[in-house]
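Have a look at the structure below, then the notes.
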Amino acid sequence: MTDRPDPRVHVVWAPEMLSYDFGHGHPMTSERLDLTIRLAESLGVLDGARLVGAEPASDELLLTVHDADYVAAVRAASERGTPDPARGLGTDDDPVFPHMHEAAARVASGSVDAALAVWRGEVEHAVNVAGGLHHAMPGAASGFCVYNDAAIAIHALLDAGARRVAYVDVDAHHGDGVQAVFWDDPRVLTVSLHETGRHLFPGTGFSNETGGPRAEGSAVNIALPSGTGDTGWLRAIDAVVPAVLRAFEPDVLVTQHGCDAHALDPLTDLRVSVDGLRLAAERLHGLAHELAGGRWVALGGGGYAVLDVVPRVWTHLVAIAAHRPVDPATPVPESWRTFVRDRYGRSGPATMSDGTTPAVRAWSAGYDPGDDLDRAVRATRAAAFPSLGLDPELD
Ligand SMILES: [Zn+2]
Ligand SMILES: [Zn+2]
Numbered sequence: 001m002t003d004r005p006d007p008r009v010h011v012v013w014a015p016e017m018l019s020y021d022f023g024h025g026h027p028m029t030s031e032r033l034d035l036t037i038r039l040a041e042s043l044g045v046l047d048g049a050r051l052v053g054a055e056p057a058s059d060e061l062l063l064t065v066h067d068a069d070y071v072a073a074v075r076a077a078s079e080r081g082t083p084d085p086a087r088g089l090g091t092d093d094d095p096v097f098p099h100m101h102e103a104a105a106r107v108a109s110g111s112v113d114a115a116l117a118v119w120r121g122e123v124e125h126a127v128n129v130a131g132g133l134h135h136a137m138p139g140a141a142s143g144f145c146v147y148n149d150a151a152i153a154i155h156a157l158l159d160a161g162a163r164r165v166a167y168v169d170v171d172a173h174h175g176d177g178v179q180a181v182f183w184d185d186p187r188v189l190t191v192s193l194h195e196t197g198r199h200l201f202p203g204t205g206f207s208n209e210t211g212g213p214r215a216e217g218s219a220v221n222i223a224l225p226s227g228t229g230d231t232g233w234l235r236a237i238d239a240v241v242p243a244v245l246r247a248f249e250p251d252v253l254v255t256q257h258g259c260d261a262h263a264l265d266p267l268t269d270l271r272v273s274v275d276g277l278r279l280a281a282e283r284l285h286g287l288a289h290e291l292a293g294g295r296w297v298a299l300g301g302g303g304y305a306v307l308d309v310v311p312r313v314w315t316h317l318v319a320i321a322a323h324r325p326v327d328p329a330t331p332v333p334e335s336w337r338t339f340v341r342d343r344y345g346r347s348g349p350a351t352m353s354d355g356t357t358p359a360v361r362a363w364s365a366g367y368d369p370g371d372d373l374d375r376a377v378r379a380t381r382a383a384a385f386p387s388l389g390l391d392p393e394l395d
C-alpha cells in the first residue's frame, strides 16, 4: 500500500541551475530560466510546488547514455578549457565554459530526480524547465546540448522498472539525440514534431525514420513545412500523437517543451503562438492521465525569444502540471514587467496570451492531399502507423 501522491508538482529549481550558460551573445542563455521562474513566482504558480534543487549527476548515471571518453572530454573542457571539436566541444554551437561538466550534469540529475519522483508515486507530475537537452549524442555535444538529460531520465525510468516509456518532443528542432539513444529499443517510443530537416538543424527527423530492426515503429517523426502556424501545428499533433501513444500504452510519459516553434523565435521558421504551445502542454497532460496513470515528466528545451515567449510558455507548463492553470487573459504582473524594463530597457508582454484562440480542424473531418501540412501528416501516418497496429486511413 503506497501513500497517495503529493498533490504538489515537483519542480526542479535552484539558482545553481543558472550555471548552464554558454555566455554572452549565445542564444542559450540562462536568463530564459531566470525570467521563467520569476514570472511563475509572481503569478503564484510555484506556491503549491515542491521546489527541488539538484547535485551534478554521477558518472555512473551519465554513462548509462554517454561514452566514457566523451564524459572525460567534457571534464577536460570544463576544467582546463580544452576544446574537442570532434566531440562537439568548443564549437560555435557549444563553446566551452567554466564548470560546463557540473552544470550539464546538474541538469541531468534534475531530470532523473524528477522522473524517479513520478515513478515512485511521490508526485503525479514533475517539471524541469532547465532540461530537454535533446540534441546531445552519446559521444558528442550538439546544438547547445552537452548531456542528454531526457535520455538519461528515460534510462533511469527503465532501470527503475518502467516497461514502456513514451517521449514526445514538440521543440521546433528534431529530437535527434533521444531518438538515436533509443533507436533500436522497443521499450521507448520517441515522437518528434518539428520544422522539416530540409530547412532546419539538425537536418534529420523525416517520416521514414521509424526505428531500428528490433524496434520498428518505435520512432515517429512529423517533419512540418516551414511557416506552419497554430492550426497546422495542433492539427498535426492531434492527427498523430494521441493515436500512437494509445497504441503504445506507456507506463510513463516524458515530454519536451522547447518553445522555439513560436513565430517570434529568432532561430526557426514556425509560426506557433504562446496559446498554441499552451494547448499542446494541456493535451499532453491529458494524455498522461488517460494513458499513464498521470505519470508525467515535462522538460524544457529550446526557445530563444527570451523575454516575449519562453517565460510565459513555461509558466503555463508549470501551472498545468501544478493543476493551477493560468487563464491566458491574465495580465503579466507589473512587478515582472518592471524587472524586465529595468534590466532590458523595454517592456515585456502584457498578458499571458498572444490573443489568439487556435481553432483546429480534426483529421477525421478529412484532409487535402494538395496541402503541404496534410501531406506531411499523411507521410508520418503512412510510415509509422502500421507497425503500431494502426490504420493510417482511419481516425
Ligand atoms: Zn529547438
Ligand atoms: Zn494532472
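Following the UniProt record's numbering, the numbering of the sequence shown begins with 1 at its first residue and continues without gaps. We put the beta carbon where it would ideally sit given N, CA and C, even for glycine.
* Going by DSSP, name the residue or residues bridged to A140. => M137
* Please say whether A292 and D265 have beta carbons closer to each other than 8 Å? => no
* Beta-ladder partner(s) of N221, from DSSP -> S192
* Asked: Would you say the beta carbon of D260 comes nearer than 7 Å to a heavy atom of ligand 1?
  -> yes
* Note down, in chain order, each residue of its chain lying with its Cβ closer than 6 Å to the Cβ of R87, except the 5 sequence neighbours on either side. => Y70, A73, A140
* Using alpha carbons as the reference points, say which of L51, T315, V377 lies closest to V244. => V377
* Give the straight-line distance between the Cα atoms of G300 and H10, rounded to the nearest whole angstrom. => 14 Å
* CA-to-CA distance, R80 to G276, given in whole angstroms -> 43 Å
* **Backbone CA spacing between I37 and R106 [nearest angstrom]** => 17 Å
* To do: Count the C-beta pairs between the region 233 to 243 and the region 358 to 376 that are closer than 8 Å, then say yes if the count reaches three, no if not.
  => yes
* Is it the case that the CB of H323 approaches a heavy atom of ligand 2 more closely than 7 Å? -> yes
* When H155, T196, P325 are compared against E282, the one with the closest alpha-carbon -> P325
* **Endpoints, beta strand (DSSP E) assigned at A169** => The sequence shown places Asp at residue 169, not Ala. Its beta strand (DSSP E) spans residues 165 to 169.
* Asked: How about E8 and V123: are their beta carbons less than 8 Å apart?
  -> Checking the sequence, you will find Arg at residue 8 rather than Glu. Yes. Within cutoff.
* Sort T210, A215, D342 by Cα distance to A223 and report the nearest one. => T210
* Among E249, H316, G205, V254, the one whose alpha carbon lies nearest that of G389 -> E249
* **Collapsed DSSP secondary structure at T351 in the structure displayed** => strand
* Would N128 be called buried (16 or more neighbouring beta carbons within 10 Å of its own) or exposed? -> buried
* Kindly confirm or deny that the region 151 to 170 and the region 59 to 66 touch, where touching means at least three C-beta pairs closer than 8 Å. => yes
* Asked: CB of G276 to nearest heavy atom of ligand 1: below 7 Å?
  -> no
* Exposed unless 16 or more other CB atoms sit within 10 angstroms - verdict on A57 -> buried
* Any heavy atom of ligand 2 within a distance shorter than 7 Å of the CB on H285? -> yes
* Asked: E334: beta carbon under 7 Å from a heavy atom of ligand 2?
  -> no
* Grab me the residues of V220's own chain with a C-beta within less than 6 Å of its C-beta, minus the 5 sequence neighbours each way, in chain order. => V191, V244, A384
* **Cβ neighbour criterion (16 or more within 10 Å) applied to T255** => buried
* Which listed residue (R163, G143, T330) has its alpha carbon closest to that of G175 -> G143
* Asked: Considering only C-alpha positions, which residue in the set E16, L35, H26 is nearest to H53?
  -> A small correction: the amino acid at residue 53 is Gly; His does not occupy that position in the sequence shown. Nearest C-alpha to G53: E16.
* **Straight-line gap, M1 to A150 (C-alpha atoms, nearest Å)** => Note that M1 scores 39 on pLDDT, short of 50, meaning its location in the model is unreliable; the coordinates nonetheless yield the value given after this. For M1 and A150, the distance between alpha carbons rounds to 30 Å.
* Taking the C-alpha atoms as reference points, what is the distance between T268 and V313? -> 17 Å
* Asked: Since T36 is in the alpha helix (DSSP H), which residue starts that stretch and which ends it?
  -> 31 to 42
* To do: Tell whether a beta-carbon distance below 8 Å holds between V297 and A126.
  => yes
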